[in-house]
Every structure is written in structure tokens, then in C-alpha cells.
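*Asks:* Have a look at the structure that comes next, please.
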Amino acid sequence: MSQTGGAVQYRKLRAPQQHAGVLLEPGLDLLPKTIATNQHRLSKFQHIEITGTPFLELQTQARQHLLCEAKKYTFAYRESFDVPSDTNPSTPLILSGHQPALFHPGVWFKNFVIDRMAKLAGGTAINLIIDNDTISAPSITVPVDVESVNGLPSQLSQSTVAYDQATAQIPWQMRQVVDDAKFESFGERVREQLSSKVQDPLIETLWPLVTEAVKSHGNIGRAFAQARHTLEAQANLQTLEIPLGQLVDSSSAFHHFFLHIASQIETFQEIYNSAIREYRSVHKIRSSSHPVPELEQSGNQYELPFWVWSTERPQRQRLFVEQTTTGLKLSDNHSWSAIISKDRDQFQKQFLELVEKGISIRPRALMTTMFARMFISDLFVHGIGGAKYDQLTDSIIERFFGFSAPQFATATASVYLPLMKQRMDAGKIASLKRQLRDLRFNPDRSLTMDGLSLDEQEIILQIISDKQHWIKAEVAGNRLSERHRAIEQANHALQAYVQSTRDKLLGKLDKVQFETRIDRIAFSREYSFSLFPIQTLPILLLDLASNRP
Numbered sequence: 114m115s116q117t118g119g120a121v122q123y124r125k126l127r128a129p130q131q132h133a134g135v136l137l138e139p140g141l142d143l144l145p146k147t148i149a150t151n152q153h154r155l156s157k158f159q160h161i162e163i164t165g166t167p168f169l170e171l172q173t174q175a176r177q178h179l180l181c182e183a184k185k186y187t188f189a190y191r192e193s194f195d196v197p198s199d200t201n202p203s204t205p206l207i208l209s210g211h212q213p214a215l216f217h218p219g220v221w222f223k224n225f226v227i228d229r230m231a232k233l234a235g236g237t238a239i240n241l242i243i244d245n246d247t248i249s250a251p252s253i254t255v256p257v258d259v260e261s262v263n264g265l266p267s268q269l270s271q272s273t274v275a276y277d278q279a280t281a282q283i284p285w286q287m288r289q290v291v292d293d294a295k296f297e298s299f300g301e302r303v304r305e306q307l308s309s310k311v312q313d314p315l316i317e318t319l320w321p322l323v324t325e326a327v328k329s330h331g332n333i334g335r336a337f338a339q340a341r342h343t344l345e346a347q348a349n350l351q352t353l354e355i356p357l358g359q360l361v362d363s364s365s366a367f368h369h370f371f372l373h374i375a376s377q378i379e380t381f382q383e384i385y386n387s388a389i390r391e392y393r394s395v396h397k398i399r400s401s402s403h404p405v406p407e408l409e410q411s412g413n414q415y416e417l418p419f420w421v422w423s424t425e426r427p428q429r430q431r432l433f434v435e436q437t438t439t440g441l442k443l444s445d446n447h448s449w450s451a452i453i454s455k456d457r458d459q460f461q462k463q464f465l466e467l468v469e470k471g472i473s474i475r476p477r478a479l480m481t482t483m484f485a486r487m488f489i490s491d492l493f494v495h496g497i498g499g500a501k502y503d504q505l506t507d508s509i510i511e512r513f514f515g516f517s518a519p520q521f522a523t524a525t526a527s528v529y530l531p532l533m534k535q536r537m538d539a540g541k542i543a544s545l546k547r548q549l550r551d552l553r554f555n556p557d558r559s560l561t562m563d564g565l566s567l568d569e570q571e572i573i574l575q576i577i578s579d580k581q582h583w584i585k586a587e588v589a590g591n592r593l594s595e596r597h598r599a600i601e602q603a604n605h606a607l608q609a610y611v612q613s614t615r616d617k618l619l620g621k622l623d624k625v626q627f628e629t630r631i632d633r634i635a636f637s638r639e640y641s642f643s644l645f646p647i648q649t650l651p652i653l654l655l656d657l658a659s660n661r662p
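Position one of the sequence shown corresponds to residue 114 (my numbering), numbered consecutively onward.
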């Protein structure tokens, strides 16, 4: 996002369409400049205080806490390595984050990118496991071989393979395995369904790691992340990881950040909502939920950009705050509420007490990256989705805190399964539809007299002559509809003589549309990284992150 003359301009971001295509903005050649710019921008925040504490003091605490917790978490399940920040606390922290799903390679690419960036910058790469997002469906889509569909030769179809029973949508942090047998057999069932064109899929190596990890804690998302991170270790990626929930529960800087927003919610909500409205106006968006919903206000209650849930009621709820004579009243407007103090020290104690009671307060998307970019990173790397919505965060930071937000990077890659060697020509359907349309409105252009009797030829020539007469004739305004009807009648009368041509075109169109469906299945960039060949995908992502051809 940039501002020119007061007008906000949002960058347009699109995933590359070609195989092994990469989007990386800014590029690795600009990494030193980008980090230096961010450090300079963040230094200006020294003039502000968060709940009475100097920003830079909280930032230092937040970074130290992040490193400590991330090392403790990571080295509990994978072999330790030297962390540059241990010997030099001022080394850059390069962060990214995503929910712990079996995501597509374009998402996985970010982890390879932050590893490469950290090594180039002499810093530390950390991936935030965004475990406050919910599981929409416990399954993945798998391309499968099919012999025939509706009598037409086919190569591919799709199947949905579940790794657990569907339940009410709850955060990844709370999602335990429900059906042990289904979970245990997932890898085998995927391999049975997966097209034979894919050899040695990652799932064969990944799933034993997942089932081993889940035995110690039962959490699906954490098992996914630990297994995937173990594969990254085998590719020599030296990144730390930490679940977002574990980080914010124990981070005093986050507690101060939350209290700072809650204490000024009227001002913050106005800035937050105005930025959303501006984004919708620029992009001509009518949906009230895109890119994120506006925060609501009812009487003295103001919605906060945070989630809340409890161990007993793990469904996410919106969080509201109300000013009272004794402090701030937090509520989910359902079954839970608590009074918190505006005093920072007292509030931090109360926050930890809520954690002990099983209450989880979590930042929503914009607040997650606001905290990450301001407090705990020198550079945050987004995918395309995050980069689009975080342009909103740029605007909110600048308007609320009064200083330009640190830049973020955007990274994704398009990698396709080895299902088909070549895409079909995307213009074929459009060309055939144009030809069919031309048969309707200009049948005389496609007529052939071969095989027609002399009487039929004479009739056709007369119809064409009448049509041309009306096309060329200059008619008064009150006769325009008469000319239109005459030309339409002529076209209709000629349809019987181009029917065989139409049938051939319709047959070609059916075939091409069928091939397009197969093409769409084969060249989807959304397939889980676990379906890709283990011998090629990690190496490819390493090369792409290193800018090697």
C-alpha cells in the first residue's frame, strides 16, 4: 500500500500461473535495504508509550521472550542448532506464519524463504503457528485416476480424503483427534487414491511423523506442524517455530498491547472501521465481511479485534469491552465476562489468571500481524492473502500510532503435481463459442452448397439476397424494428442449412470443455504439499527460495 497526495493506493498481487513461478516482493537483493528501512521506522516508535511503558522497552522484552519460547518449543522435538540471536541480540528476526494445515506448496514456500532470508541477513527465522484459526474441514482434495466419465475417455477426477471426523468448527489449538482409526489410516488411504502419475509422495514420509507426534499431545495441528518442521530439518532449514497461543499467553508485551487497544477502543475502532471502508471503496467491494468485518458498537459495548474462548466452550466468540467504574469489562456477549484493571501490572496478573482458568484471548488476523510486525520482527513475510489484508494494517498503524508501518514481504510459488505435461490452449473454448455465435447471426458466412438441390440453392440465395438488401438499405427510424425482424428471420431460415456445422462445433466444444475440467484438476495449485514427490518438491522450493534456476 502507498499513499500519493492523500489517496490510498493498494498493490495488486496475483499468484504466478506457470509451474515453478515465484512471487517475492521485495526481492532478496533488496533484503538489507528492507530490514534497514524497517528498523529505522520502528526506531521512531520510541516516542510512544504502550500503557505507560516505552515502546522500545516492550519490543526488547517481546523479542527476547519470543526467542526463548520458540527455542524451548522447537528443540523439544527436533535437533537443536545455533541461533544467531543468542550471540548477538541485535541480529534480524525474520517471521512468517500460517495455520498448521496440510497447505499447498505456495504456502510452504514461505518457510524456505524466511530460512534463506535469515541466512543472508545473519539473523533468525521463526514461523508462527497460527493456531487460533479454525479447521473448516478435516480433509484434503486428492487427484485420482478414472478410466471413463460419461463414456468419454478421462485421465483425472478428484476425491476428498478425511483425516478425522468432522466436528463443530473450533480453533486448531483445541482440535484433538476424534477418530483414531481414521486418523491412523489417512496416509495409506491418500496413497491408495492418489493418481499413479505421482511417485513417492511426501505423505508416505510425513504421516508416520504425524502419527508419532500426535501420540504425545493429541493435537492435530501441532502434530501436522511438527512433522512438517521435521521434514524441513532434513532439507537443512534452520527455522524456529512457536504456536501463537503459547506465545501470547505468556508475553507481557502482548498483554500491554491488548490493554493499550482495549483502553482506547473508541478511537481504535473508528480508525479500524474507516480503513476497512476505504479498502472496500477502492476495490469496489460490496460484501460486509470482506476483507474483514467492521467492529460493532452497541451502547457502551465496543467490539475488540480479538477472539475469546474457553476450555469448556472452545468455539471462538467475538470479544467486547465496556468501560466501568471499576475497570474494563470484557465479555463474549454470551456466557462469559470478566472485569480487568486498567493498571498494567494488575492487568498482566489478571491475564495470566484467565489463562490458568482456561480462557484464551487471541488476536484476529490484522492484530496478529500488527503485533508481529511492530514488536517481534524486523521483517514479516506474508503469502498473497495475508499481504492483501495487511495493507489495511499499514493504514491502521499509521493512523493510530502516528508513524509509518514497517514493510512486509510477500512470497508465494505455484507448483503443480506431475499429472499432465502441458496445459490446453485457454482460447479454444472462446474460439468455438465465437464460431457458434457466428452461425446464429451470420449463417450465410458458413454455408456450403455441396449436396444441395438446385431448388434449395435457389432458396438460400434468395434468403441471402433479402438479408443483404435489409443490411444495406437506408431506412427511417420508424422502420428499424422492421429491418431487425427481417434480418433475424433470414438468419433463422438459414439455420437448417448450417446444422451439420453446428453439430461438429458443439461436439468439439463438449470435448474441449471436458478437457478443460481435466486441465483444471491437473493444474490446481491448491493441492497439499503432502501429495508431491518427496524427491523433487523440497529441492525445488530450496532452489526457488535461493533464486537458483
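Just so you know, even glycine gets a beta-carbon here, dropped at the ideal spot from N, CA and C.
Just to confirm the assignment, what range does the beta strand (DSSP E) spanning Ala635 have?
*Replies:* The continuous stretches of beta strand (DSSP E) do not include Ala635, which lies in the alpha helix (DSSP H) extending over residues 612–635.
*Asks:* How would you label Leu417, buried or exposed, when you count the other beta carbons within 10 angstroms and need 16 or more for buried?
*Replies:* Only buried fits Leu417, as 16 or more other CB atoms lie within 10 angstroms of its CB.
*Asks:* Output needed for Ile652: all residues of its chain with C-beta closer than 6 Å, excluding positions within five of it in sequence on either side, in chain order.
*Replies:* Excluding residues within five positions, none has a Cβ falling inside 6 Å.
*Asks:* Near Gln268, what residues of its chain come up, given a Cβ to Cβ distance below 6 Å and the 5 sequence neighbours on each side ignored?
*Replies:* The residues Ile631, in chain order, have a CB closer than 6 Å to that of Gln268 in the same chain once the five nearest residues on each side in sequence are set aside.
*Asks:* Does DSSP classify Gln116 as helix, strand or coil?
*Replies:* Interpretation of Gln116 is limited by its pLDDT of 44, a score under 50 that renders its predicted location unreliable; the figure taken from the coordinates is listed afterwards. Of the three classes helix, strand and coil, the one that applies to Gln116 here is strand, per DSSP.
*Asks:* Out of curiosity, what's the CA-to-CA distance linking Pro556 and Glu628?
*Replies:* 28 Å
*Asks:* Is it true that the CB of Leu233 sits closer than 8 Å to the CB of Ile647?
*Replies:* no
*Asks:* Along the chain, where does the beta strand (DSSP E) containing Glu425 start, and where does it finish?
*Replies:* Taken as a continuous stretch (DSSP letters only), Glu425 belongs to no beta strand (DSSP E), as it is neither H nor E.
*Asks:* Return the CA-CA distance between Pro321 and Phe493, expressed in angstroms with no decimal places.
*Replies:* 32 Å
*Asks:* On the DSSP letters alone, give me the boundaries of the beta strand (DSSP E) that Arg475 sits inside.
*Replies:* Segment 472–476, the beta strand (DSSP E) holding Arg475.
*Asks:* Leaving out five residues before and five after Ile663 in sequence, what residues of the same chain have Cβ atoms less than 7 Å from its Cβ?
*Replies:* Because the chain is modelled from 114 through 662, residue 663 falls outside the range shown and cannot be assessed.
*Asks:* Going by beta-carbon coordinates alone, are Ile497 and Ala128 separated by less than 8 Å?
*Replies:* Yes, the pair counts as a contact, with Cβ atoms nearer than the cut-off.
*Asks:* Check whether the Cβ atoms of Thr237 and Ser193 sit closer than 8 Å, and answer yes or no.
*Replies:* no
*Asks:* CB Leu344 to CB Ile242, shorter than 8 Å?
*Replies:* no
*Asks:* Could you please give the first and the last residue of the uninterrupted beta strand (DSSP E) stretch that includes Ala149?
*Replies:* Element bounds for Ala149: not the beta strand (DSSP E) but the alpha helix (DSSP H), 144–156.
*Asks:* In angstroms with no decimal places, state the Cα-to-Cα distance between Gly118 and His373.
*Replies:* Note that Gly118 has pLDDT 38, beneath the 50 cutoff, so the model's placement of it is unreliable and no number is given.
*Asks:* With a threshold of 7 Å on Cβ separation, who are the neighbours of Glu138 within its own chain once the five nearest residues in sequence on each side are excluded?
*Replies:* Excluding sequence neighbours, Glu138 sits near Ala522, Thr523.
*Asks:* Suppose the cutoff is 7 Å on Cβ atoms and the five residues either side in sequence are ignored; what does the same chain contact list for His217 look like?
*Replies:* Arg638, Glu639, Tyr640, Ser641, Phe642
*Asks:* Please name the residue or residues paired with Ser450 in a DSSP beta bridge.
*Replies:* Ser444
*Asks:* When DSSP labels each residue in this structure, what does Pro256 get in the three-state scheme?
*Replies:* In the structure shown, Pro256 sits in a strand (DSSP, three-state: E or B).
*Asks:* Straight-line CA distance for Asp491 to Lys295?
*Replies:* 42 Å
*Asks:* Spell out a yes or no on whether the segment 500–514 and the segment 376–395 are touching, meaning 3 or more CB-CB pairs, one atom from each, closer than 8 Å.
*Replies:* yes
*Asks:* What is the DSSP secondary structure of Val603, counted as helix, strand or coil?
*Replies:* This sequence places Ala at residue 603; Val is not what is there. Three-state result, Ala603: helix.
*Asks:* Could you spell out where the beta strand (DSSP E) holding Gln271 opens and where it closes?
*Replies:* Membership of Gln271 in the beta strand (DSSP E) is indicated by the continuous run 269–275.
*Asks:* Should Ala189 be labelled buried (16 or more other beta-carbon atoms within 10 Å of its own) or exposed?
*Replies:* exposed
*Asks:* Look at the alpha carbon of Asp341 and the alpha carbon of Val327, and state the distance between them as a whole number of angstroms.
*Replies:* Here residue 341 turns out to be Arg, not Asp, going by the sequence shown. Taking the straight line joining both Cα atoms gives about 13 Å.
*Asks:* Taking the straight line between their C-alpha atoms, what separation do you get for Phe370 and Arg124?
*Replies:* 28 Å
*Asks:* Please state the DSSP three-state secondary structure of Asn660.
*Replies:* coil
*Asks:* In three-state terms, what does DSSP make of Glu416?
*Replies:* strand
*Asks:* How long is the line joining the alpha carbons of Leu654 and Val196, rounded to whole angstroms?
*Replies:* If I take the Cα positions, the gap works out to 23 Å.
*Asks:* Determine which residues share a DSSP beta bridge with Pro284 and list them.
*Replies:* Thr247
*Asks:* Rounded to whole angstroms, what is the Cα-Cα separation between Ser115 and Asp538?
*Replies:* Caution is warranted here: a pLDDT of 46 is assigned to Ser115, below 50, making its placement in the model unreliable, and no coordinate value can be reported.
*Asks:* So, is Met713 buried or exposed, given that buried needs 16 or more other C-beta atoms within 10 angstroms?
*Replies:* No information on residue 713 is available, as it lies outside the stretch 114 to 662 that the chain covers here.
*Asks:* Could you tell me which uninterrupted beta strand (DSSP E) segments, each at least 3 residues in length, are contained entirely in the segment 351–392, listed from first to last along the chain?
*Replies:* For the beta strand (DSSP E) assignment, the uninterrupted runs of no fewer than 3 residues enclosed by the segment 351–392 are, from N- to C-terminal side, 352–356.
*Asks:* Anyone know if the C-beta pair for Lys621 and Leu545 falls short of 8 Å?
*Replies:* At a Cβ-Cβ threshold of 8 Å, Lys621 and Leu545 count as neighbours.
*Asks:* May I ask whether a heavy atom of the ligand FAD can be found less than 7 Å away from the beta carbon of Gly498?
*Replies:* The model on display carries no ligand, and the ligand FAD is accordingly not part of it.
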